[in-house]
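*Asks:*
In the working numbering, the protein residues as written are 658 to 854.
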């Protein structure tokens, strides 16, 4: 299964025991490849953030990605309105599909005049960990942030949540669609995605 590092760390690996319990004996190899999840001859499938258009491949939607700022409960207590973000460290992610996350959310919140200033990191996971550690406010993206919100490590201080222009897809070659391991993984991940929202 080819996935990005943050998807592996924040969503897939925490749920892997559930897959193994549901499909004992099915061997899973997780490969991470950053922005360019590998589409080599040896991969069975991938969970990829995108538009769903990968020529020559099948793509089935799994998750809708939503964006909302997240921070520690202590920092959230200081944030009454989105305008309060002007004086905060806003953690940024430099992957191509993330550069407009803050500007789009700030525009939707009526604060397009705020310029995000703060550390820039390579992956959402790094940004979210920095937020957990109290460095600043991260742009939370579902499903990456779901477990931190549920555990109370992070909170969403505002009610504004916007859809990301991309969503997660299960991507595979039609030639692999009848393989038992793929059938088992496909069934499990689609059920897990429905539960995740």
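C-beta atoms are modelled at their ideal positions from N, C-alpha and C, and glycine is treated no differently.
Model, not experiment: these values are computed from the prediction.
Cβ atoms of residue 747 and residue 774: under 8 Å apart, would you say?
*Replies:* Yes, the Cβ-Cβ distance between residue 774 and residue 747 is below 8 Å.
*Asks:* Excluding the 5 residues flanking residue 693 on each side, which residues of the same chain have their C-beta closer than 6 Å to its C-beta?
*Replies:* Since pLDDT at residue 693 reaches only 47, below the 50 mark, its modelled position is unreliable, and the value read off the structure follows with that caveat. Closer than 6 Å at the Cβ level, and outside the excluded window around residue 693, lies no residue.
*Asks:* By the 10 Å Cβ neighbour count, where 16 or more other Cβ atoms means buried, how is residue 708 classified, buried or exposed?
*Replies:* The residue is exposed, with fewer than 16 neighbouring Cβ atoms inside 10 Å.
*Asks:* Output the residue ranges of the beta strand (DSSP E) runs that lie fully inside the segment 770-835 and measure 3 residues or longer, sorted by chain position.
*Replies:* Runs found: 795-798 and 819-829.
*Asks:* Give me the Cα-Cα distance between residue 684 and residue 676, rounded to the nearest whole angstrom.
*Replies:* Answer to the nearest angstrom: the Cα atoms are 10 Å apart.
*Asks:* Straight-line CA distance for residue 842 to residue 718?
*Replies:* Near 15 Å, if we compare the C-alpha coordinates of residue 718 and residue 842.
*Asks:* What would DSSP say about residue 693, mapped onto helix, strand or coil?
*Replies:* Note that residue 693 has pLDDT 47, beneath the 50 cutoff, so the model's placement of it is unreliable and the number below is only indicative. Residue 693 falls in the coil class under three-state DSSP.
*Asks:* In three-state DSSP terms, what is residue 734?
*Replies:* Residue state, collapsed to three classes: coil.
*Asks:* So residue 724 is in the beta strand (DSSP E); what residue range does that whole segment cover?
*Replies:* 715-727 is the span of the beta strand (DSSP E), which, as asked, contains residue 724.
*Asks:* Compare the beta carbon distance of residue 819 and residue 765 with 8 Å and say whether it is the shorter of the two.
*Replies:* Yes.
*Asks:* Look up residue 705 in the DSSP assignment and say whether it is helix, strand or coil.
*Replies:* DSSP places residue 705 in strand when its eight states are reduced to three.
*Asks:* According to DSSP, simplified to helix, strand and coil, what is residue 746?
*Replies:* DSSP places residue 746 in coil when its eight states are reduced to three.
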